[in-house]
Amino acid sequence: MRDLPGLTQDIATRFSRIALGHVRREYPNKPGHVLAGPEDARTPAQLHPVFYGSYDWHSCVHAYWMLARLLRRFPAMETAADIRALFDTQLVSEKVAGECAYLNAPTARGYERPYGWGWLLKLAAELRLLPETRWTAALQPLTDTFVQRFRDFLPLATYPVRVGTHFNTAFALRLAADYAETADDTALLELFRETALRWYGADADCPAWGEPSGDDFLSPALIEAECMRRLLPQADFQPWFDRFLPRLADALPAPVFAPAVVSDRSDGKIAHLDGLNLSRAWCWRSLARTLAGDDPRRQIMFAAGARHLDAALPATMSGGDYMGEHWLASFATIALETEAD
792 MRDLPGLTQD
802 IATRFSRIAL
812 GHVRREYPNK
822 PGHVLAGPED
832 ARTPAQLHPV
842 FYGSYDWHSC
852 VHAYWMLARL
862 LRRFPAMETA
872 ADIRALFDTQ
882 LVSEKVAGEC
892 AYLNAPTARG
902 YERPYGWGWL
912 LKLAAELRLL
922 PETRWTAALQ
932 PLTDTFVQRF
942 RDFLPLATYP
952 VRVGTHFNTA
962 FALRLAADYA
972 ETADDTALLE
982 LFRETALRWY
992 GADADCPAWG
1002 EPSGDDFLSP
1012 ALIEAECMRR
1022 LLPQADFQPW
1032 FDRFLPRLAD
1042 ALPAPVFAPA
1052 VVSDRSDGKI
1062 AHLDGLNLSR
1072 AWCWRSLART
1082 LAGDDPRRQI
1092 MFAAGARHLD
1102 AALPATMSGG
1112 DYMGEHWLAS
1122 FATIALETEA
1132 D
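Residue numbers (the working numbering): 792 to 1132.
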């Protein structure tokens, strides 16, 4: 049995080149945009001065996150100067103000909720760890906007969303928790923790019977567990985890142990399944490391993570069709990352 391989400078350079090739590629583009009138019929770059590339807004945001992470991990890699130049051009006050202005429209209240919200805060967390403080300062008004949106929305959200796509609430909480901790915002972190317990605290014996759906890029079961791992103290998480997935030693529930088959990578929805394999690999690795070294579940979980990574990483490394190329490297970076968040 083997643990997942780690992120290397060679891989970081390849992934960063992929992202640098699409974060300012305006078309094709899928805007999640509501038109209140003819004046709202504008180009992606007019709507979003910073995050107009990468096919859609949220993919552009997490491409910026990946570039920030890779820059921090490998500051001397070949593409480092290009990343810094991109950030100096795009992460500036006047362009961020344009992003904030878009969100001020009444029709944008739910824009990118919750997936894009979580990714924007994860980007903000990563920028805070870089020595160049100007990018964090420039992004801060947009960061504050999404922090407030979480504060306003979560008390109203009676129920979680458990699908394997953008609407999954556990994934958003998991990402946003990184910002709350990095920014030392204890009240925000406590809001996330209380919400997760309200939504998921009583869950037990998860069957994972609906996994995978045909366009999943998240495992509803595993990302819920990863969310709880991130937000709960270890002493509270472990008994919850044992109740939630009590049959892991028998490689059950079976659906989360078998990598998804990707039959057509040019189909944007089917290509999501590569992301499912990558995000499962991340969750398996992260969850396995909470267990004692002699726990038999640990190696079973690491092996499952390795199978999922093997199923998706080759296609991600090659770039492939734009339907996957514009976002999969971000998920692969998380799956390969060896630092604990």
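Cβ coordinates follow ideal geometry from the N, Cα and C atoms, glycine included. Quick caveat, the model's predicted, so the values are computed rather than measured.
Cβ-based neighbour list, residue i, same chain, cut-off 6 Å, excluding 5 preceding and 5 following
i	result
E917	W856, A859 and R860
P1003	A1051 and L1067
T986	L945
A1131	Note that A1131 has pLDDT 44, beneath the 50 cutoff, so the model's placement of it is unreliable and no number is given.
F865	Q800 and A803
L920	R863
F842	W848, C851 and V852
T898	V825 and A827
F769	In the structure as shown, the chain begins at 792 and stops at 1132. Residue 769 is therefore absent and cannot be evaluated.
L1064	A1051 and V1053
W990	P951
R1158	The question about residue 1158 has no answer here: the residues shown for the chain are numbered 792 through 1132.
Cut-off 7 Å between Cβ atoms - residues of its own chain near residue i, not counting five sequence neighbours on either side
i	result
L933	V887, E890, C891 and L911
Y1108	According to the sequence provided, residue 1108 is Met. The question's Tyr does not apply to it. Hits under 7 Å: R805.
G1059	M1114
P1011	R953, V954, G955, N959 and E1002
Q1072	The sequence shown places Ala at residue 1072, not Gln. Answer for A1072: L795, G1096, H1099, L1100 and A1126, listed in chain order.
E943	With the sequence shown as reference, residue 943 is identified as Asp, and Glu is not the correct amino acid for it. Contacts found: none.
P1037	D996
L798	R864, T1124, L1127, E1128 and T1129
8 Å CB neighbourhood of residue i in its chain, flanking five on each side removed
i	result
D801	none
I809	G1110, E1116 and A1120
L1078	L1013, A1016, E1017, R1020, F1032 and M1092
K821	Y846 and D847
G832	For the record, residue 832 in the displayed sequence is Ala; it is not Gly. Correct list, in chain order: L826.
L1039	R1088, I1091 and M1092
A974	A915, A916 and R919
A871	L862 and F865
Element boundaries [alpha helix (DSSP H), containing residue i]
i	result
W856	W848 to R864
K886	S884 to L894
G1096	P1087 to M1108
E1116	Y1113 to E1116
F806	Q800 to L811
F842	Here F842 belongs to no alpha helix (DSSP H), and DSSP marks it neither H nor E.
A872	A871 to Q881
A899	Segment: none, A899 is in no alpha helix (DSSP H) and carries neither H nor E.
P835	P835 to L838
L826	Per DSSP, L826 belongs to no alpha helix (DSSP H) and is neither H nor E.
A1083	Unbroken run through A1083: none, as it is neither H nor E.
A867	A867 -> no alpha helix (DSSP H), and no H or E assigned at all.
A1123	L1119 to L1127
8 Å contact criterion, which residue i and residue j should meet: CB distance rounded
i	j	result
D1112	R1056	5 Å
V1095	W1075	The amino acid at residue 1095 is misidentified as Val; the sequence shows Ala. Their Cβ separation, rounded to whole angstroms, is 5 Å, which keeps A1095 and W1075 in contact under 8 Å.
R1020	A968	In fact, because the Cβ distance is near 10 Å, the residues do not count as touching under 8 Å.
F1028	T1081	7 Å
S884	A854	No, S884 and A854 are not in contact; Cβ-Cβ is about 21 Å, not under 8 Å.
A1106	P1044	Incorrect: roughly 26 Å between the Cβ atoms, too far for contact.
Kindly provide the ranges of any alpha helix (DSSP H) runs that are 4 or more residues long and lie completely inside the region 904 to 976, ordered along the chain. 906 to 919, 924 to 944 and 960 to 973
Pair every Cβ in the region 859 to 878 with every Cβ in the region 807 to 817, then say whether three or more of these pairs are closer than 8 Å. yes
Ordered list of alpha helix (DSSP H) runs contained in the region 992 to 1065, each at least 4 residues: 1011 to 1022 and 1025 to 1035
Would you be able to state if there are at least three C-beta pairs under 8 Å between the region 980 to 989 and the region 918 to 929? no
Is the region 1066 to 1082 touching the region 1091 to 1106 in the sense that three or more CB pairs, one from each, lie closer than 8 Å? yes
Would you say the region 1081 to 1096 touches the region 1037 to 1055, given that touching needs at least three Cβ pairs under 8 Å? yes
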